[in-house]
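Structure record follows, encoded as structure tokens.
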Amino acid sequence: MNDEQATVGRRQGRWTDFGAMWRATLGRCPNCGGDGVFTSYWGVGDTCPTCGVRFERESGAWLGAWVMAYTVAIVILLIEAGLLIWTFGLFRGLEWVLVVSGIAAVVLCYRPVKGWWLWWMWAAGFITKDGED
Ligand SMILES: [Zn+2]
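Quick note: the sequence shown uses our numbering, first residue 2, plus one each step.
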């Protein structure tokens, strides 16, 4: 087995590395598990301070995380709306309850979803050290 085959084999194992997925969702580096991935509530640093992998290779790398966060928020809202309507029927102000809940869901979901997205990019081989392919 040459180096390239070894690298491909190692990367394929990333898809089933659920420990790395969980760590990344909690805001740690999917590659090494180190702290310091997030530099603010939503902001991810350029590289991991522990192992040095580069997180953002291209602008727009986080577009998928936004799409995922909106999707998760929509699912939460559908469940919430279903439970509210089932329990109380249609009531005055339901739309505002859902608007506020929708905003809160996106704000709260974006960080863990962005961490999960980081794991996805790492598993797909987009997150590597500079100079490593
Ligand atoms: Zn790291």
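Ideal Cβ positions, reconstructed from N, Cα and C, are used throughout, including at glycine. None of the values given here were measured: they were computed from a predicted structure.
(request) Quick one: give me the first and last residue of the alpha helix (DSSP H) that Trp63 is part of. (result) Counted from its first residue, the sequence shown places residue 63 at position 62. Premise fails: Trp63 is in no alpha helix (DSSP H) and is neither H nor E.
(request) Check whether the region 64 to 73 touches the region 97 to 115, taking contact to mean three or more Cβ pairs, one atom from each stretch, closer than 8 angstroms. (result) yes
(message) In this structure, how does DSSP classify Thr129 when only helix, strand and coil are distinguished?
(response) One-based indexing of the sequence shown puts residue 129 at position 128. Thr129: strand per DSSP, three-state reduction.
(message) I'd like to check one pair, Ala106 with Ala21: are the Cβ atoms closer than 9 angstroms?
(response) Position 20 of the sequence shown holds residue 21. Position 105 of the sequence shown holds residue 106. Not closer than 9 angstroms, so no.
(message) Taking the alpha carbon of Val38 as the reference point, which residue from Glu133, Asp131, Gly126, Trp120 has its own alpha carbon closest?
(response) As a first step, residue 38 must be located in the sequence shown, where it is residue number 37. Closest option to Val38, Cα to Cα, is Trp120.
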